[in-house]
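Asks: Numbered according to mature numbering (1 follows the signal peptide of the UniProt record, and there is no 0), the sequence shown spans residues -21 to -1, 1 to 365.
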Amino acid sequence: MLNLMFVSLAIASSLQSLASASAVTPRAPRPWSNFNNNVVFTPPNTWVDPRTLYARTLQLSDKSLLITCEIYSPEDPLSLPIFRSTDGGATWKEHSRFRDQVNGWGMAYQPILYSLPQQFGGYPAGTILAVGTSLPSNKSHAYIDMYASTDSAKTFKFPSHIAYGPGPETVLNGDKAIWEAFLLMYKGKLIVYYSDQRDPRYGQKLVHTTTTDLRHWTPIVNDVAMNYYDGRPGMTTVAHIPTNDNYVMTFENCGAPVNNCQVHYIVSKDPTKFFGKPIQPIVSNDTAAVIPYGSPFIIWAPLKAGSKDGVLIANGNSDSDVYVNDYRALPGNWKRVNIDQKNGYSRDLRVIKDNRGNLKLLVASGGNFGEPDTNALIVGVVDIPH
């Protein structure tokens, strides 16, 4: 009987230990290692659906990493957190906040971080630009605003408004909203691409503007506009292919009659002249012929540091795989590769260097619409898929 009691106590103790172990927060990955779905930040369950969304990353010259995202907290005015990692994405701490300093509204949507590759507009090379959509809580109108930091994103100053949308800032056709900035330096000019609902001829179109001083911006130029009103091309990202000096733009094609946000791409020698170039869908070259849908992102990934040889890597919101192509970007060459990283709305891709100088793919997500209970800011680091 005593032995049975000891056995029962031992079993109970083991079960309690297992229960306690399962409740422990998972250990952080080893510094500078490969890993998947590492949590940077988990939002409180009191936040509004979707809680977090739309992650964006940056690697600095000291190899530290920055990440930001949309958050749906009850604070007003809203500001967006910037987290920093000094060990290859294994651990993170809040570093600073991306705040609206001029409108009195808050900084709410689609943040992006960009490091100036050269001295530009009176700012030194390495200056960090933060661009996002600022709007009041009633979404009555919005600015896409730019801020600049010369202290590794600890503090920011305001150079300029990039664009104004008289609103309302919603996705309804006819509402004069602006969204989803993306930045690229080209021949002494900084290009800012964005989605534009202000033209009454289109539900939404893709445009860009340029600057030579970070203060004054040229009139917009169309990049993609469908020949029917309900078309909603959106979410521009652009990659440069050094092998042949081409540029590739990806975007989602939403709205009737297609209405499925299939990912498309355009190739151009000049990243200011995408308009009118052939538009191709991304379709995997296997027997499944998988089509990615929604909120795409594309990058060029060199296979070795300093090399012009590399691959295009794209993804969409509809699945967790990436789609890989060579420098030619031919329609039949998109190879689907599983990287074991959770999908996400506008999942961010970035090539980074580890502590030994090896190139890796950093993948970051803030989650998806309609999944507030599982949304979190997460990252993964994997070998360059090819």
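Even for Gly, the Cβ is constructed at its ideal location relative to N, Cα and C.
Model, not experiment: these values are computed from the prediction.
I want to know whether the segment 61 to 74 touches the segment 115 to 122 - three or more CB-CB distances under 8 Å.
Replies: Touching, no.
Asks: Can you give, in chain order, each stretch of the beta strand (DSSP E) that sits fully within the segment 95 to 150 and has at least 3 residues?
Replies: Counting whole runs of 3 or more residues, the segment 95 to 150 contains the beta strand (DSSP E) stretches 107 to 113, 121 to 128 and 136 to 144.
Asks: With DSSP as the reference, please indicate the residues paired to F77 in a beta bridge.
Replies: Translated into positions along the sequence shown, residue 77 becomes position 98. DSSP lists L59 as partners of F77.
Asks: For the beta strand (DSSP E) that G359 lies in, which residues bound it at each end?
Replies: On the sequence shown, residue 359 is found 380 positions in, with the first residue counted as 1. L356 to V361 is the span of the beta strand (DSSP E), which, as asked, contains G359.
Asks: Beta carbon of V203, beta carbon of F161: below 8 Å?
Replies: One-based indexing of the sequence shown puts residue 203 at position 224. One-based indexing of the sequence shown puts residue 161 at position 182. No, the Cβ-Cβ distance between V203 and F161 is not below 8 Å.
Asks: Just verifying my parser: in three-state terms, what is the DSSP assignment at G289?
Replies: Sequence index remark: in the sequence shown, residue 289 carries index 310 (1-based). G289: strand per DSSP, three-state reduction.
Asks: With distances taken Cα to Cα, identify the nearest neighbour of Y172 among Q183, T189 and G182.
Replies: Taking the first residue of the sequence shown as position 1, residue 172 is located at position 193. Of Q183, T189 and G182, the residue nearest in Cα terms is T189.
Asks: Measuring CB atoms only, is the segment 277 to 291 touching the segment 302 to 321, in the sense that at least three cross pairs come out at less than 8 Å?
Replies: Contact holds: three or more Cβ-Cβ distances are below 8 Å.
Asks: Going by C-alpha distance, which of P364, P103, N347 and S274 is nearest R30?
Replies: Counting from one through the sequence shown, the residue named residue 30 turns up at place 51. Measuring from the Cα of R30, the nearest candidate turns out to be N347.
Asks: Using a 10 Å radius around the Cβ and a threshold of 16 neighbouring Cβ atoms, would you call R315 buried or exposed?
Replies: Here residue 315 refers to the residue found at position 336 when the sequence shown is read from its first residue. Classification for R315: buried.
Asks: Give a yes or no on whether the C-beta atoms belonging to S263 and K256 are separated by under 8 Å.
Replies: By one-based count along the sequence shown, residue 263 stands at place 284. By one-based count along the sequence shown, residue 256 stands at place 277. No.
Asks: Measure how close the beta-carbons of V242 and G295 come, nearest whole angstrom, since I'm counting them as under 8 Å.
Replies: As a working note, residue 242 is residue 263 in the sequence shown. As a working note, residue 295 is residue 316 in the sequence shown. At roughly 5 Å, the Cβ-Cβ gap stays under 8 Å, so V242 and G295 are in contact.
Asks: Using the Cα positions of I277 and P351, report the straight-line distance between them to the nearest angstrom.
Replies: Within the sequence shown, residue 277 is the residue found at index 298, counting from 1. Within the sequence shown, residue 351 is the residue found at index 372, counting from 1. Cα to Cα, the separation comes out at about 26 Å.
Asks: Using 8 Å for Cβ pairs, my map puts G85 next to S58. What's the rounded Cβ distance?
Replies: Indexing the sequence shown from 1 puts residue 85 at position 106. Indexing the sequence shown from 1 puts residue 58 at position 79. About 7 Å; that satisfies the 8 Å criterion.
Asks: Would you check if the distance between the CB atom of A34 and the CB atom of A267 is smaller than 8 Å?
Replies: For the purposes of this step, residue 34 is identified with residue 55 of the sequence shown, where counting begins at 1. For the purposes of this step, residue 267 is identified with residue 288 of the sequence shown, where counting begins at 1. In this structure, A267 does not lie closer than 8 Å to A34 by Cβ.
Asks: On a Cα-Cα basis, can you pick out the residue from Y208, L169, D209 and E73 that is closest to P250?
Replies: On the sequence shown, position 271 is the one that residue 250 refers to. If we check each option's Cα against that of P250, L169 comes out closest.
Asks: Roughly how many whole angstroms lie between the Cα atoms of K321 and V150?
Replies: Residue mapping note: residue 321 aligns to position 342 of the sequence shown, counting from 1. Residue mapping note: residue 150 aligns to position 171 of the sequence shown, counting from 1. Straight-line Cα distance between these residues: approximately 26 Å.
Asks: Just confirm the distance between the C-beta atoms of T47 and A7, as a whole number of angstroms; I'd bet it's less than 8 Å.
Replies: Residue 47 sits at position 68 when you count from the first residue of the sequence shown. Residue 7 sits at position 28 when you count from the first residue of the sequence shown. Not really, about 20 Å apart at Cβ, beyond 8 Å.
Asks: Quick check on this structure: which residue in N206, S139 and C233 has the alpha carbon closest to the alpha carbon of P271?
Replies: Sequence index remark: in the sequence shown, residue 271 carries index 292 (1-based). It is C233.
Asks: Consult DSSP for N294 and reduce its assignment to one of helix, strand or coil.
Replies: Here residue 294 refers to the residue found at position 315 of the sequence shown. Three-state result, N294: strand.
Asks: Residues in its own chain within less than 6 Å of Y165 by CB, not counting five upstream and five downstream?
Replies: As a first step, residue 165 must be located in the sequence shown, where it is residue number 186. Taken in chain order, the residues that qualify are P250.
Asks: Run through DSSP, which three-state label would G273 get?
Replies: Position 294 of the sequence shown holds residue 273. DSSP places G273 in coil when its eight states are reduced to three.
Asks: Beta strand (DSSP E) containing P212: first to last residue?
Replies: As a working mapping, residue 212 is identified with position 233 in the sequence shown. Element bounds for P212: R211 to I220.
Asks: Go through its chain and collect everything with a Cβ distance to K118's Cβ below 8 Å, but skip five positions before and after it.
Replies: Numbered from 1 along the sequence shown, position 139 holds the residue referred to as residue 118. Excluding residues within five positions, the ones whose Cβ falls inside 8 Å are G146, P147, E148 and T149.
Asks: Over what stretch of residues does the beta strand (DSSP E) that includes Q38 continue unbroken?
Replies: If you number the sequence shown from 1, residue 38 lands on position 59. Taken as a continuous stretch (DSSP letters only), the beta strand (DSSP E) holding Q38 covers T31 to Q38.
Asks: Could you tell me the distance, in whole angstroms, from the CA atom of S139 to the CA atom of I199?
Replies: Here the question's residue 139 lines up with position 160 in the sequence shown. Here the question's residue 199 lines up with position 220 in the sequence shown. The alpha-carbon atoms of S139 and I199 are separated by roughly 16 Å.
Asks: If we ignore side chains and look at the alpha-carbon of each, how far apart do M214 and E231 end up?
Replies: What you label residue 214 is simply residue 235 of the sequence shown in a count that begins at 1. What you label residue 231 is simply residue 252 of the sequence shown in a count that begins at 1. Roughly 6 Å between the two C-alpha positions.
Asks: Measuring only the C-alpha atoms, how far is K283 from Q97?
Replies: As a first step, residue 283 must be located in the sequence shown, where it is residue number 304. As a first step, residue 97 must be located in the sequence shown, where it is residue number 118. Straight-line Cα distance between these residues: approximately 22 Å.
Asks: Any idea which residues DSSP pairs K155 with across the strands?
Replies: The residue labelled residue 155 in the question sits at position 176 within the sequence shown. Its beta-bridge partners are G146.
Asks: With a cut-off of 8 Å on the beta carbons, I'd call V358 and N17 a contact; round off their distance for me.
Replies: The sequence position of residue 358 within the sequence shown is 379, counting from 1. The sequence position of residue 17 within the sequence shown is 38, counting from 1. 5 Å between Cβ atoms; contact.
Asks: Considering only residues of the same chain and omitting the five flanking positions on each side of G299, which have a CB-CB separation below 8 Å?
Replies: Here residue 299 refers to the residue found at position 320 of the sequence shown. A small correction: the amino acid at residue 299 is Ser; Gly does not occupy that position in the sequence shown. Excluding sequence neighbours, S299 sits near N317, I318, D319, Q320, K321 and N322.
Asks: Quick one, which of N312, S116 and Y102 has its alpha-carbon nearest E54's?
Replies: Taking the first residue of the sequence shown as position 1, residue 54 is located at position 75. Cα-wise, what sits closest to E54 is S116.
Asks: Buried or exposed, going by whether 16 or more other CB atoms sit within 10 Å of the CB of D130?
Replies: Counting from one through the sequence shown, the residue named residue 130 turns up at place 151. Under this definition D130 is an exposed residue.
Asks: Taking the CB atoms as reference points, tell me whether D333 and W11 lie closer together than 8 Å.
Replies: Mapped onto the sequence shown, residue 333 falls at position 354. Mapped onto the sequence shown, residue 11 falls at position 32. Yes, the pair counts as a contact, with Cβ atoms nearer than the cut-off.
Asks: Of all the options F62, V110, G111 and L95, which has the alpha carbon lying nearest to the alpha carbon of A104?
Replies: Counting from one through the sequence shown, the residue named residue 104 turns up at place 125. Minimum Cα distance to A104 is reached at L95.
Asks: For my contact list, L193 and G111 are in at a C-beta cut-off of 8 Å; report their separation, rounded to the angstrom.
Replies: As a working note, residue 193 is residue 214 in the sequence shown. As a working note, residue 111 is residue 132 in the sequence shown. The pair is not a contact, with the Cβ atoms about 15 Å apart (cut-off 8 Å).
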